[in-house]
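With my numbering applied, the sequence shown has no gaps in its numbers, which climb one by one up to 192 at the end.
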Amino acid sequence: MIGPSGTFFIVQTETDNKKAIENTLRKYMNKVGGFRLASDSSAVRSWFREKGVLTVATQRQGTEVKLEQIEEAGIELDCEEVSLVEENGNKFELVCDPSKVATVEGELVKLGFVIFIIVKFLALNSLFRFIVESSEVHFRALHFVTVQGEEMLRIEKLYELLQDDESIRQIYDNIDLGK
């Protein structure tokens, strides 16, 4: 999806009817104005790169996990980036090549992690004690744009419509939020 001020959006959906979701997206875009579907999805995807992202809790049984511990594990697992994310409570984020997500998960098991419910890991030994909250492939923007004023209000309205739709699973964009 192409939006105002050079913004691009990847909207992941879950549907068995591609035409119905396209019509729904068009309805939302027409309601807000300033958006259109890209004629070729690869045009929008070229503005993003796929990355494996593992989100790890910063606390385990009331004990704070240090960034250095997560960074050490990230270096061992050949992660490209390890950072502290301060959204919805503090979490660590490990970023890797999307083709290595399963490998990183496997290496976490070798480091003493046990898989509980697919994406949950819990250390059994005293080396590390963290919980991996999610392990997914995300799209990360290559180039960010700053949006302000009326155009930002349109984008916010579109996000509200998309987030209320049960068939929408994930939304990625290239908007610089000034973080």
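We put the CB at the ideal spot given by N, CA and C, even for glycine. Quick caveat, the model's predicted, so the values are computed rather than measured.
Legend entry - Where the alpha helix (DSSP H) containing Asn103 begins and where it ends: Here Asn103 belongs to no alpha helix (DSSP H); instead the beta strand (DSSP E) covers 103–109.
Inset, instruction - Just confirm the distance between the C-beta atoms of Phe48 and Phe152, as a whole number of angstroms; I'd bet it's less than 8 Å. - result: With a Cβ gap of about 18 Å, Phe48 and Phe152 do not count as contacting.
Legend entry - Coil, strand or helix - Gly191 by DSSP: Note: Gly191 maps to coil in three-state DSSP.
Legend entry - Assigned secondary structure, Ser18 (DSSP; H/G/I helix, E/B strand, else coil): helix
Inset, instruction - Report yes if the C-beta distance between Lys104 and Thr68 is below 8 Å; otherwise report no. - result: At the C-beta level, Lys104 and Thr68 come within 8 Å of one another.
Legend entry - Residue burial classification, Leu97 (beta-carbon count within 10 angstroms, cutoff 16): The residue is exposed, with fewer than 16 neighbouring Cβ atoms inside 10 Å.
Inset, instruction - Can you say whether Asp177 is buried or exposed, counting buried as having 16 or more other CB atoms within 10 angstroms of its CB? - result: Exposed.
Legend entry - Tyr185 - partner residues in DSSP beta bridges: Ile23
Legend entry - Nearest residue (CA-CA) to Ile15, options Ser180, Leu171, Gln183, Arg182: Leu171
Inset, instruction - State buried or exposed for Ile188, treating a residue as buried only when at least 16 other CB atoms are found within 10 Å of its CB. - result: Counting Cβ neighbours within 10 Å, Ile188 comes out buried, since at least 16 surround it.
Legend entry - For Glu99, the first and last residue of its enclosing alpha helix (DSSP H): For Glu99, there is no enclosing alpha helix (DSSP H); the enclosing beta strand (DSSP E) has its first and last residue at 94–99.
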